[in-house]
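Here is the structure we will look at, set down as structure tokens.
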Amino acid sequence: MSSGEITYVTVGPVSAIPPGMGRAYHVGPHRIAVFRTRSGRVFATAQRCPHRGGPLADGMLVGEQVVCPLHAFRFDLHTGQCEQSHVCPVQTYPVDITPEGWIRIGIPTRFRSSEDVSPLLTSC
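Every position in the sequence shown, counted from 1, becomes a number in the numbering used here once 4 is added.
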């Protein structure tokens, strides 16, 4: 996505995600998994694994990869690419952290309302 096609939406504070964990959010029609690595970096991907729809926010982080909890496929958090070549990449989203520690996710402009953001409380 080019910068003209996205708007950053605040989803919550970095402190809400423990290091080495992920959390899922609804942003408009998007289900987004947000991860905080043990080194403190924050990444965002689609919540569902492209292989069989596994809940990626529940996956284990290994460095800067997330391991799908269903079939252990590993996705690079920078690019979305899967280590297994036959599995499609997962959608990634740009992330910005405000000086106050809030996570902002870059999403398509037409879904920019902060009223569209909610934690994903149900399991996928």
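Glycine residues also receive a C-beta, built at the ideal position from the N, C-alpha and C atoms.
Please return the same chain residues whose Cβ sits closer than 8 Å to the Cβ of T83, not counting the five positions on each side in sequence. The residue given as residue 83 occupies position 79 in the sequence shown. Excluding residues within five positions, the ones whose Cβ falls inside 8 Å are P93 and T96.
Can you name, in chain order, every residue of its own chain whose Cβ lies under 6 Å from the Cβ of P98, other than the five neighbours on each side? Locating residue 98 in the sequence shown gives position 94, where the first residue counts as 1. If we look at P98 and ignore the five residues flanking it on each side, its Cβ neighbours are G110.
According to DSSP, is P22 helix, strand or coil? Sequence index remark: in the sequence shown, residue 22 carries index 18 (1-based). Correct three-state label for P22: coil.
Quick one: what does DSSP say L65 is sitting in, helix, strand or coil? The residue labelled residue 65 in the question sits at position 61 within the sequence shown. Three-state DSSP puts L65 in a strand.
Could you give the first and the last residue of the continuous beta strand (DSSP E) run that contains F47? Start at 1 with the first residue of the sequence shown, and residue 47 comes out as number 43. Note, F47: beta strand (DSSP E), V46 to A50.
What residues in its chain sit with their C-beta under 6 Å from that of G26, if we drop five residues either side in the sequence? Numbered from its first residue, the sequence shown carries residue 26 at position 22. A37, F39 and A61.
Beta-carbon contacts of Y12 that lie in its chain and below 6 Å, excluding the five residues immediately before and after: In the sequence shown, counting from the first residue as 1, residue 12 sits at position 8. Same-chain partners within the cutoff: D100, R108 and G110.
Among G44, R42 and V70, nearest to A50 - alpha-carbon criterion: As a position in the sequence shown, residue 50 is number 46, starting the count at 1. Ranking G44, R42 and V70 by Cα distance to A50 puts V70 first.
Considering only residues of the same chain and omitting the five flanking positions on each side of Q85, which have a CB-CB separation below 8 Å? Start at 1 with the first residue of the sequence shown, and residue 85 comes out as number 81. So the list reads F79 and P93, once near-sequence residues are dropped.
Counting along the chain, where does the beta strand (DSSP E) carrying P59 start and finish? For this step, residue 59 is matched to residue 55 along the sequence shown. That residue, P59, is in no beta strand (DSSP E); it is neither H nor E in DSSP.
So is V66 buried or exposed if we call it buried at 16+ other beta carbons inside 10 Å? By one-based count along the sequence shown, residue 66 stands at place 62. Exposed: under 16 other Cβ atoms inside 10 Å.
Please name the residue or residues paired with T83 in a DSSP beta bridge. Start at 1 with the first residue of the sequence shown, and residue 83 comes out as number 79. DSSP lists no partner for T83.
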